[in-house]
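Numbering (my numbering) for the sequence shown: 275 to 735.
Here is the structure we will look at.
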Amino acid sequence: MRGLTAAFLIILSVFIIVISPGHLPERTDVVIIGAGAAGMRAAIESRKYTDNIILLEKMSYPGGNSNKATAGFNAVMDTDDLDDYIQDTREAGGYIGNSSLIKILGEKSSEALSDLKAMGADMEDRGLLAGHSSSRTYRPSGGSPVGREISSILYKTVRENEIDIRVENRALSITRSKKKLQVLVKNQTGREYRILADSVIIATGGFGGSPEMVARFNPDLKTFHTTNSAGATGDFITLTQNLPVQMIDLGEIQTHPTVEPEFSILITEALRGNGGILLNSRGQRFTDEMDFREELSASILNQKDRFAWLIFDQSVRESLKSSEYYISNQLTREGETVGELAEQIVLPASFLSSSLEKWNLSVLNGEDKDFHRRDLRVPLETPPYFAIKVTPGIHYCMGGLAIDEKSRVLDTNGTPLEGLYAAGEATGGIHGMDRLGGNSLTDALVFGEIAGYEAAHYALK
């Protein structure tokens, strides 16, 4: 009898372990993986239709690469500008970007900006970025960094909507379980658990923070600095390895032309857009500072020492609050006179003075005869003068999961996979060979909203 009792207790204990809540999968309508701009925007949209949402973030804080964005958010506020915006985006991408997705990006950009403002974001400053035919890039008043503004507003809205956001919870895999999707997750204690969902949105960002993946997909860039956050490790690739997903343009990795090399800090494009110029190690201008990023990066790398000096003055500084970060963190060299600045960057004063005089004359005449820069903002003649050493660095991955107009992930035959969506830098096919400055945040919010809407409605149908 005692033997039977002992055997029964063993069987009962095994049964309890198998069916205990810690071993059964959680059930929900929508799981969003990644709490950057795309993931948070998707969660906010899904929350309009269902309470059953789980937002996973492997890092200890939300925001991802979006936190680091400085240039701005592109929005087509004038319908007459839509065709030009589409053309600028297609031209920047070497005309290989998906035309249908680019059209959606432009058409919904103004709505995305309005949504941000309705949430409380300050997006009142408008400027011109390289590669754009008009000023359509928005950021906080005075040119403050846009990424922190957008990320903080989205996170505030996530909290206000009581969305279940779980930081330090890393998604490990996505598998199909009958008609649902199962996500395996590891929490901050190392415990693994499963979530069974009707819809899953992948918003994990790119892989620009992983030297191994960069070298795998574009070996030419394996020695480059990166502007990416530590969390940008290509999770969309490992998460979907058991699913027949279609990847596109993985070798298309954008370098940002102006990265401070010692600390790998991105120097915003807006500093050039507001009037800064580039000089080589001989103190000469060598390019149109407002060219597309790919061309500008190549121009810098073609210089003898593979770097440039980004030169600006007090008037440019005052027009852009983000410049204060570079100055306060001692990334700049500074001089009260042109001669003092030349001494700081080890250039003959006559070389630097000659280049600035030539630039200022071009501004006065409204024509850049040497490099045909279209936007000649201001003469550089207000002391003090500043210089930042810059070189190209890995910035953005144009490739990723192939999606359709509803943000549905496509399989290898081009057919949408049931219940699987993606948005932001985890996707590919929109930007082509190179991305227009300011389009990353627009992409994240436009397709984040679409993914959130579609995923919720799929789960509830």
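For every residue, glycine included, the Cβ atom is placed at its ideal position computed from N, Cα and C.
Owing to the predicted nature of the structure, the values given are computational and were not obtained by experimental measurement.
In the three-state scheme derived from DSSP, where H, G and I count as helix and E and B as strand, E486 is classed as helix. The straight-line gap separating the alpha-carbon atoms of A718 and M351 is approximately 18 Å. When Cβ pairs closer than 8 Å are counted between the two stretches, the stretch 465-483 is seen not to touch the stretch 645-663, the count staying below three.
For N554, the closest C-alpha among the options S571, R315, R580 is that of R580.
Cβ-Cβ distances below 8 Å link Y369 to G706 in the same chain, with the five nearest sequence neighbours on each side left out; the list follows chain order.
Between the C-alpha atoms of V590 and G505 there is a straight-line separation of about 33 Å. In this structure, T665 lies away from E543, with their beta-carbon atoms at least 9 Å apart. Checking the DSSP bridge columns, you'll see L379 has no partner listed.
Taking R444 as the centre and dropping the five residues before and after it, the same chain places the C-beta of K332, K460 closer than 6 Å to its C-beta, in chain order.
The distance from the Cβ of D303 to that of A471 is about 7 Å, consistent with a contact at the 8 Å cut-off. Under the 8 Å Cβ criterion, the stretch 674-690 counts as touching the stretch 518-537, having at least three qualifying pairs. For R567, the enclosing alpha helix (DSSP H) starts and ends at 567-575. A Cβ-Cβ contact shorter than 9 Å links I306 with A729. A distance below 8 Å between beta-carbons, with the five flanking residues on each side excluded, links L638 to the following residues of its chain, in chain order: P653. Remark: C-beta atoms of A316 and I424 do not approach each other more closely than 9 Å. Here DSSP, grouped into helix, strand and coil, assigns K452 to coil. Counting along the chain, L675 sits inside no alpha helix (DSSP H); it lies in the beta strand (DSSP E) bounded by residues 674-676. According to the DSSP assignment, H530 belongs to the beta strand (DSSP E) that extends over 527-534. Between the alpha carbons of G712 and K322 lies a gap of roughly 27 Å. In the structure shown, P657 falls within a coil segment according to DSSP collapsed to helix, strand and coil. The beta carbon of P299 lies closer than 7 Å to those of Q456, R468, I469, L470 in the same chain, with the five residues before and after it left out.
In the three-state DSSP reduction, K342 falls in the helix class (H, G or I).
For the pair of segments examined, the stretch 667-674 was found not to touch the stretch 643-652: the number of CB pairs separated by less than 8 Å stays below three.
Exclusion of the five residues before and after S593 leaves G417, N548 as the residues of its chain whose Cβ lies within less than 7 Å of its Cβ.
In the structure shown, Y335 adopts coil according to DSSP, grouped into three states.
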